[in-house]
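Only one structure is covered here, and it is reproduced in the block below.
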Amino acid sequence: MYGPGIAVCARPELAPAEPVHKHRHTRDVVSARPIAVAADTPVICSAGGTDPELLAHLRDSGLPVGRDLREFRSEAEFARRVAEALSDGLRMSMEYPQPTALCPDEHSLKSAKLVGHLNNKASITTLVDPRFQAARSIVTRDRLAAATPLDRSWVLKAATDDAHGGSLDVYLHEAGENVVLPAFTDVLDEFVVEEYLQILTNWGLQFSVGADARARLLAVTEQHVDAAGIYTGGRFGAVTDPPAELLAECLATAQRAADLGYRGLCSIDCADTLEGKQVLLDLNFRITSGSIPLLAMRSVRPDDLGRPAESVKLTAAGPLAGLLAEVRPAMNAGGLLIVAGHDTARTDNPVRRSTVQLLLFGDDPAEVTARRQALEAKTGGH
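The numbering of the sequence shown is this note's numbering, which starts it at 1408 and goes up by one.
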């Protein structure tokens, strides 16, 4: 998709004022996502994602595993890998904004400013047709308390061009519950306060923008979101399509980003609601948790793209080998594809944690869901 001479780096920036290990696990895990489908594209990735047993599983599944994996184990090594890629004459596709001192804009496929702007929660106001926006306002810190009352339901989002380690989440408040504002309200100056909608169906539409600057729909997925509004996985294959008008606006939004210079993958979260609205809820102009399972299926099982499938991420406070052993019986039974993984033991992160991302597929949606839930229960969930 990127064309020759492009290296991919899917790692959020470490903010200068933050401790070296803050958000470390999240930042390293997302850097390793592209490995399974990278093929000839160079990838700057955490060594936690290049565990030999994991790579063997990926290759045995027929996935086009990256052949030019430029791994790092520390912050200093990460910076060296970026510098080496630039000295090799490669242009960088930074999926999150990085300092121009690390990667100057002239060496980037898309500028840090553009990536930050497109992923800023406030940018829906300028990128999306007002007919498809939830009622929302942008408030400063001094107005935040007044805009988030206890007796009204609302959704709070960060309004920033910075990735903050990929850690910023959405905060949902239902009327009458205690208000416990999230940590990002302590470090940011601007926020989006959005109406709380009763969602019927929540879709994640996957798009790509190639070298020809044209946005293309890759797939329609449905999203699993927990009670806190956090994405936990998706349904692929046999899903209900969104209304034509909503789909058209999502494509138009992706094309507006392409016209501004964006190239790469993106996921647009949209929904229809009990109130009868069709809305775009979130714009994710980067490789996401939904991108990799889809690309994996397109690579090795294209004929199964229409079958029921679900993705899930499992996490354990121990070695990756143990997590792989837990899922091996399910993998041997068929209908399961490992698409990504990570083990902090292969880095200088002092916290021991392993993750594996899976795609389960079959003929019966209920059976696929039951297998996902069984794996979550067996390994302690996501």
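Virtual Cβ for every residue (Gly too), placed ideally from N, Cα, C.
The stretch 1498–1516 makes no contact with the stretch 1529–1540; the number of CB pairs closer than 8 Å stays below 3. Secondary structure of residue 1662 (DSSP, three-state): helix.
Contact between the stretch 1649–1662 and the stretch 1492–1507 is absent: fewer than three C-beta pairs spanning the two stretches fall below 8 Å.
In the DSSP assignment, residue 1523 falls within the unbroken alpha helix (DSSP H) covering 1519–1526. Taking residue 1770 as reference, the option from 1758, 1731 and 1710 with the minimal CA-CA separation is 1710. Counting only runs of at least 3 residues, the stretch 1448–1481 fully encloses the following beta strand (DSSP E) elements, listed from N- to C-terminal order: 1450–1453 and 1476–1479. Annotation: the continuous beta strand (DSSP E) that includes residue 1580 extends over 1578–1580. Under the DSSP assignment, residue 1613 falls in the beta strand (DSSP E) whose first and last residues are 1606–1616.
Pairing residue 1466 with residue 1477 gives a Cβ-Cβ distance that is not under 8 Å. Membership of residue 1779 in the alpha helix (DSSP H) is indicated by the continuous run 1772–1786.
With distances taken between CA atoms, residue 1450 lies nearest to 1414 out of 1436, 1414 and 1435.
Considering only 1482, 1585 and 1703, the residue with the shortest C-alpha distance to residue 1429 is 1482.
Residue 1512 sits in a helix when the DSSP states are folded into three classes. Counting the other Cβ atoms within 10 Å of the Cβ of residue 1780 gives fewer than 16, which makes it exposed.
Taking 8 Å as the cut-off, the Cβ atoms of residue 1766 and residue 1700 count as close. DSSP links residue 1584 through a beta bridge to no other residue.
The alpha carbon of residue 1446 has as its nearest neighbour, out of 1579, 1543 and 1469, the alpha carbon of 1469. Taking C-beta atoms under 8 Å as the contact rule, residue 1692 and residue 1659 fail to qualify, at a distance of about 15 Å. Distance from the Cα of residue 1680 is smallest, within the candidate group 1782, 1609 and 1443, for 1609. Between the alpha carbons of residue 1713 and residue 1764 lies a distance of about 20 Å. Shown here for residue 1707: same chain residues with a beta carbon closer than 7 Å to its own, the five before and five after excluded, namely 1468, 1469 and 1470 in chain order. Excluding the 5 residues flanking it on each side, residue 1505 has same chain C-beta neighbours closer than 7 Å at 1420 and 1519, in chain order. Boundaries of the alpha helix (DSSP H) around residue 1705: 1698–1707.
Between the alpha carbons of residue 1553 and residue 1656 lies a gap of roughly 32 Å. DSSP places residue 1408 in the coil class of the three-state scheme, outside both helix and strand.
Secondary structure note for residue 1747: it is in no alpha helix (DSSP H), and the uninterrupted beta strand (DSSP E) holding it is 1743–1750.
DSSP places residue 1676 within a strand segment (E or B) once states are collapsed to three.
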